[in-house]
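**Q** Would you mind keeping the following structure in view while I ask a few things?
Number of protein chains: 2
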Amino acid sequence: MAKAPILAPRGDDFAQWYQDVVAKAELAENGAARGTMVIRPYGYGLWERMQAEMDVRIKASGAENVYLPLFIPESYLKREAEHVEGFSPELAVVTVAGGKPLEEPLVVRPTSETLFGELMAKWIQSYRDLPLLLNQWANVVRWELRPRIFLRTTEFLWQEGHTAHATQEDAAAYARRILIDAYRDFMVNVLAMPVLVGAKTARERFAGAVNTMTCEGMMGDGKALQMGTSHELGQNFAKAFGMEYLGDTGTLQHCWTTSWGTSTRMVGGLIMCHGDDNGLRVPPAVAHIQAVVMVVRDDDAGTVADEGRRLVAELNAAGVRTRLDDQVATGFGRRATDWELKGVPVRIEIGPRDLAEGAVTLVRRDERTKAPAPIAGIAQTVSDLLAEIQGNLLAQATAFRDSRLSDVASIDEAIEAGRTGFARIPWELVGDDGEDRLAEHAISVRCLQTPDGGVPDGLDGPLHAIVARSY
Amino acid sequence: MAKAPILAPRGDDFAQWYQDVVAKAELAENGAARGTMVIRPYGYGLWERMQAEMDVRIKASGAENVYLPLFIPESYLKREAEHVEGFSPELAVVTVAGGKPLEEPLVVRPTSETLFGELMAKWIQSYRDLPLLLNQWANVVRWELRPRIFLRTTEFLWQEGHTAHATQEDAAAYARRILIDAYRDFMVNVLAMPVLVGAKTARERFAGAVNTMTCEGMMGDGKALQMGTSHELGQNFAKAFGMEYLGDTGTLQHCWTTSWGTSTRMVGGLIMCHGDDNGLRVPPAVAHIQAVVMVVRDDDAGTVADEGRRLVAELNAAGVRTRLDDQVATGFGRRATDWELKGVPVRIEIGPRDLAEGAVTLVRRDERTKAPAPIAGIAQTVSDLLAEIQGNLLAQATAFRDSRLSDVASIDEAIEAGRTGFARIPWELVGDDGEDRLAEHAISVRCLQTPDGGVPDGLDGPLHAIVARSY
């Protein structure tokens, strides 16, 4: 099968390769309004499964979903001065509605944080109302100067969680639980991305947070992508919104709060972590099409397509998400290339000769290898293969990450290592001055870790800094 | 148990009762921006299950989900003159973004119809691209003068489907399939609402449609609520957007399109269809809490709460969505009233005496009756009861609908019947003049049906008009 020059070579021009994959795999395209995106069915299917898998984990952590209004009166944003300063240049503002100028402009939410603050303050009266664990799936808008599809768009889809607790300990434990049990578990076990977890340095923290924890993925060009963050906000947020509760001893106290978020940016991360020169490679756990039955060609009676339909039904019944491709009027090579581009984990090719032999050809996308398989027991064969592919993608990504992760003993070495990957350096060798020097080379501390790669409780003790360039 | 006067009596002041239920059952509240709503966890849980059940049916009909941008350049809306005229006074417009006035204002989508038109025209080349079946779940904004929570809000959540077909027959069949297999099936079998289906009269049709079909529910005050519509747009929409395809004979032709939508308005319909003087009654199929295990009171060792937790685990494992209420510090009556308000289908009450007897008390919300049940086999007992409640709510709503649906033989009789319910009248007795006369009494033709209650193919032949006041 001749390979058409469909994508820019990944090793030569990673940025162009990324754009090509997004377009050619029909994931998304630019919207009419500047910096917005149209998420096409294949791309939205990925997001839907991400959302479903993440939602299960968020609910298992006890949070419930709500929906707050898109519009925020401008005056509300001023409640939280520290916060609004960060967002002000990014805001989109509605000034006309119902055919008339508005008395008070309405901001299109850049986050629902201020509304959560107002509402939670109202809903919380006593310790019995705590913890209050809320989450929202919604669109948000931030005016981006350099938009990039999925990674930095004017409008994006995300979830933001906001929780209030009676004690600092409970809030800290919850922020960590979301980071580890929801975010990292999802990223590692569903997205097959071996993210590093850790705490942000003071300068990299979210505005208003006393501790920001993060999941950092390594992309195919060795740069980091922040995939999700979980913040302890201490009592700062509660004080800004008057979020108080009556304790069981009868005294009024401020709550301790957390917030945490992940977004459609993860779709970009998935592409840049697993993609290759032939397109996307989708881990089976997040693939909405796990297998495609391709009719190579058919006889006049349509016998092969009939068997293809039967196979699709058998596989779907066995829980393998399968589509039929019986478009035999289109060349086989073009169709195969297209399914490769889309990264469907397994192709099941069947033609008249295969059928006569009671066999199919299985093509796995991760390794691009072909092998015959008997039609009898195909569902089990494909299920097993999907599990193997899921494991292999995680193993490959882990091996790549480790090959690009260097232990270094100076800022100079870190700068050198940061050209192509991550560097791990004792935090005591970095500090605030070191962060300045790294920044001159567009490198930042992605996270601080304990020596065993865990999330530190504070910034004291022997910590390692993971430093890298980033998206 | 004394009944607190929590809600306005439903028979005396239906509108106030509705507002009280929304507030007291903690479904939703008004947002800070005019006409918007905050959907609280209990209300959003209902919507999530509605969305999931509807989404399954939409996908089973072959459509795939996409996400289009929130913002639409103002010039885009002018592509479809007929349409924008209807929406113009309802638009919210962003004029400032990124700290600067925008060169071209951006409209916050009142629907994504124009974007679907532009994109589908681009994506469709040949007959091989048809049918193109797309759906979107999103928030939309329409500036409402008289907002009413869930029923008419400035921002609401909905799905809008847009499809393109090669032939008129295919488009007509698809619009009908969505109406019957997705919408009606969901409303009858999940929401337990016996909606009437039919076609709109020419004056009640969606702008630009050649046929609008509808699901009409009867509310507890005898008024109609339009729960969902499905439109055949002929080639009007395709012509406005240049949506053409190359047929297999090599000629360029305009597509035939459909569109269809349902929204958070259905939550309002659910409340007004099934609610009673004690609050909401949620059909089990759409209840995210189907049963609550209430610890009536406990001993010092917490034995009852332990058993309650075990029951919750057993029920959840058996697929019954169950919560524990072990807040014994709060009075039992107050908690019971609260679960009634929220309309949880089954309460499972357990105290020390029950536990000693190996029994619980089952309270069904639909009939407000209590009966003891052995703890052994509780999961099966509750599952059976939930199925019975689901059937009973549909039967009650059907009986109520039929009791308020009169066959009449004149416009005068229709006006009289329309004060308290629906009237069915031969369409030949109404016509355009009849619609004028009905309108003077705030009554409209909700739909036209064939004599057997089906959706007519056209407006010829012997049809019945269903007329009523409406929300």
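Listed in order, the protein sequences are those of chains W and C.
If you're matching positions, the first sequence starts at 2 in the numbering used here and goes up one per residue.
If you're matching positions, the second sequence starts at 2 in the numbering used here and goes up one per residue.
Built from N, CA and C at the ideal position, the CB exists for glycine as well.
Computed from a predicted model, the values in this text were never measured in an experiment.
1. Are three or more beta carbon pairs between the region 70–81 of chain C and the region 102–109 of chain C nearer than 8 Å?
2. What are the residues of the region 40–60 of chain C that lie near chain W, defined by any Cβ-Cβ distance shorter than 8 Å?
3. Identify which residue in W:E358, W:P285 and W:W340 has its Cα closest to the Cα of W:V294.
4. Short of 8 Å Cβ to Cβ, which residues in the region 60–76 of chain W face chain C?
5. Using the Cβ count rule (16 or more neighbours within 10 Å means buried), how would you classify C:R204?
6. Taking Cβ positions only, does C:T263 come closer than 7 Å to chain W?
7. With a threshold of 7 Å between beta carbons, is W:E205 in contact with chain C?
8. From which residue to which residue does the alpha helix (DSSP H) around C:Y77 run?
9. Is the beta carbon of C:I290 closer than 7 Å to that of C:R322?
10. Label C:G378 either buried or exposed according to how many other C-beta atoms from any shown protein chain fall within 10 Å of its C-beta, with 16 as the threshold for buried.
11. Do C:P552 and C:A360 have their CB atoms nearer than 7 Å?
12. Compare the beta carbon distance of W:L134 and W:T164 with 7 Å and say whether it is the shorter of the two.
13. Would DSSP call W:F187 helix, strand or coil?
14. Between which two residues does the alpha helix (DSSP H) harbouring W:V468 extend?
15. Going along the chain, which residues of its own chain have a beta-carbon closer than 6 Å to the beta-carbon of C:A415, five neighbours each way excluded?
16. Have a look at C:P285 and C:D307 and give me their C-alpha separation to the nearest angstrom.
17. Could you work out which residues of chain W lie near C:W144, taking near to mean beta carbons separated by less than 7 Å?
18. Between the Cα of W:G235 and the Cα atoms of W:L253, W:K224 and W:T213, which residue gives the shortest distance?
19. For the beta strand (DSSP E) containing C:I40, name the first residue and the last one.
20. Express the C-alpha separation of C:G344 and C:G280 in angstroms, rounding to a whole number.
21. If you follow the alpha helix (DSSP H) that C:H275 is part of, which residue opens it and which one closes it?
22. Got a sec: is the Cβ-Cβ distance from W:A34 to anything in chain C below 7 Å?
23. Would a check of beta-carbon distances place C:P90 closer than 7 Å to chain W?
24. Taking CB distances under 7 Å as the criterion, tell me whether W:V22 reaches chain C.
25. Against chain W, does C:E161 count as a neighbour if the rule is that its beta carbon must be under 7 Å from one of theirs?
26. Give me, in chain order, the residues of the same chain whose beta-carbon lies closer than 7 Å to that of C:G432; leave out the 5 immediate sequence neighbours on both sides.
27. Return the bridge partner residues of C:D326 from the DSSP annotation.
28. Do we get a CB-CB distance below 7 Å when we pair C:E156 with the residues of chain W?
29. Any idea if W:G63 is buried or exposed, counting beta-carbon neighbours within 10 angstroms, 16 or more meaning buried?
30. Please say whether C:Q137 and C:E114 have beta carbons closer to each other than 7 Å?
31. Residues in its own chain within less than 8 Å of C:L439 by CB, not counting five upstream and five downstream?
32. How many Å lie between C:A466 and C:D171 at the Cα?
33. Check for me: the beta strand (DSSP E) holding C:W138 runs from which residue to which?
34. Roughly how many whole angstroms lie between the Cα atoms of C:V283 and C:H275?
35. Give the DSSP bridge partners of W:K101, in chain order.
36. Using a Cβ cut-off of 8 Å, which residues of the region 123–144 of chain C contact any Cβ in chain W, in chain order?
**A** Based on what the coordinates show:
1. yes
2. I40, R41, P42, Y45, G46, W48 and E49
3. W:W340
4. E65, N66, V67, Y68, L69, P70, L71, F72, I73 and P74
5. exposed
6. no
7. no
8. E75 to L78
9. yes
10. exposed
11. Summary: the structure shown does not reach residue 552 of chain C, with chain C confined to residues 2 through 472, and so no result is reported for it.
12. yes
13. helix
14. Premise fails: W:V468 lies in the beta strand (DSSP E), H465 to A469, not in any alpha helix (DSSP H).
15. V409, A424, I426 and V468
16. 26 Å
17. A98 and G99
18. W:T213
19. M38 to I40
20. 6 Å
21. R266 to H275
22. yes
23. yes
24. no
25. no
26. none
27. C:M295
28. yes
29. exposed
30. no
31. I412, A415, I416, G419, V431, S445, V446 and V468
32. 27 Å
33. L133 to V142
34. 7 Å
35. W:A98
36. R129, L135, A139, N140, V142 and W144
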